[in-house]
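Peer 1:
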Amino acid sequence: MIQKLIDKYCQLLSWLMVLFLALMVIMVFGNVVMRYGFNSGITLSEELSRWLFVWMTFLGGVVALNERAHLGTDSLIARLPVAGRKLCLGASLALMLFVCWLIYQGAWEQVKINWDSTSAVMETSMGYFYASGMAFALLGAPVLLLHLWRLLTGQLSESELIGIRESEEEPLANPRP
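All the letters of the sequence shown, read from the start, carry residue numbers 389 to 565 under our numbering.
(1) Going by alpha carbons, who is nearest to Val451 out of Trp503, Leu400 and Asp504?
(2) Which residue or residues does DSSP assign as beta-bridge partners of Thr506?
(3) How many angstroms separate the CA atom of Ser513 from the CA atom of Ala519?
(4) Suppose the cutoff is 8 Å on Cβ atoms and the five residues either side in sequence are ignored; what does the same chain contact list for Gly418 look like?
(5) What's the gap between the Cα of Lys396 and the Cα of Pro530?
(6) Only counting the same chain, and skipping five residues up and downstream in sequence, which positions put a Cβ closer than 7 Å to that of Met405?
(7) Ignoring anything shorter than 4 residues, give me the alpha helix (DSSP H) runs that lie fully in the segment 519 to 553, in order along the chain.
(8) For Val499, does the count of other Cβ atoms within 10 angstroms reach 16, so buried, or fall short, so exposed?
(9) Quick check: Leu440 and Phe408, are their CB atoms within less than 8 Å of each other?
(10) Measuring alpha carbon to alpha carbon, tell me which of Tyr424, Asn454, Ser437 and Ile414 ends up nearest Leu393.
(11) Determine the DSSP secondary structure at Tyr389, reduced to helix, strand or coil.
(12) Hey, Met462 and Ile550 are a contact pair by Cβ (cut 8 Å); roughly how many whole angstroms apart?
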């Protein structure tokens with residue numbers, strides 16, 4: 389049930405990323421046409437595109453965590469016995485949760501420091517820009533906690549004990565329907 393909820397919010401994040409990417413393409417393309425065709429431009433385009441890119445990157449990180457789509461090297465882990473794989477996966481999940489905490493802490497400090505600073509063009513608080521790190525930490529931690537819970541309760545199959553893929557060509561360990 390929790391996995392279905394996480395899958396739904398990741399699907400929502402995916403649609404949000406599609407919207408962000410579409411807005412970026414429209415704004416940048418429109419700005420290029422305006423600059424070269426009409427010797428003017430859309431002032432907002434560059435800054436808003438940068439903000440959307442940062443938010444899209446962090447949201448994409450959450451979706452990749454859920455789909456276990458991050459790339460890595462498993463040459464050592466694949467040679468370990470099942471108990472060793474479980475230990476390594478547990479350690480990596482614990483470390484990733486710690487990194488989520490560090491990202492949250494750092495982003496929170498940046499939000500506080502930059503809340504009264506405004507962006508050059510949009511004149512919006514820079515705190516919203518740095519809140520993207522907080523969003524990643526808050527949305528990514530439940531995904532990692534669920535993976536850790538499934539590991540600790542023995543609900544992971546042997547193929548799921550390796551948390552990464554060697555290349556993009558390899559299929560996901562357990563693709564969702």
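Built from N, CA and C at the ideal position, the CB exists for glycine as well.
Peer 2: According to the structure data:
(1) Leu400
(2) For Thr506, DSSP records a beta bridge to Ser513.
(3) 10 Å
(4) Contacts found: Ile430 and Ser433.
(5) 13 Å
(6) Hits under 7 Å: Met444, Leu447 and Gly448.
(7) none
(8) It counts as buried.
(9) For the 8 Å CB-CB criterion, Leu440 and Phe408 form a contact.
(10) Asn454
(11) For the record, residue 389 in the displayed sequence is Met; it is not Tyr. DSSP places Met389 in coil when its eight states are reduced to three.
(12) The sequence as given places Asp at residue 462; Met does not occur at that position. That pair is a contact at about 5 Å.
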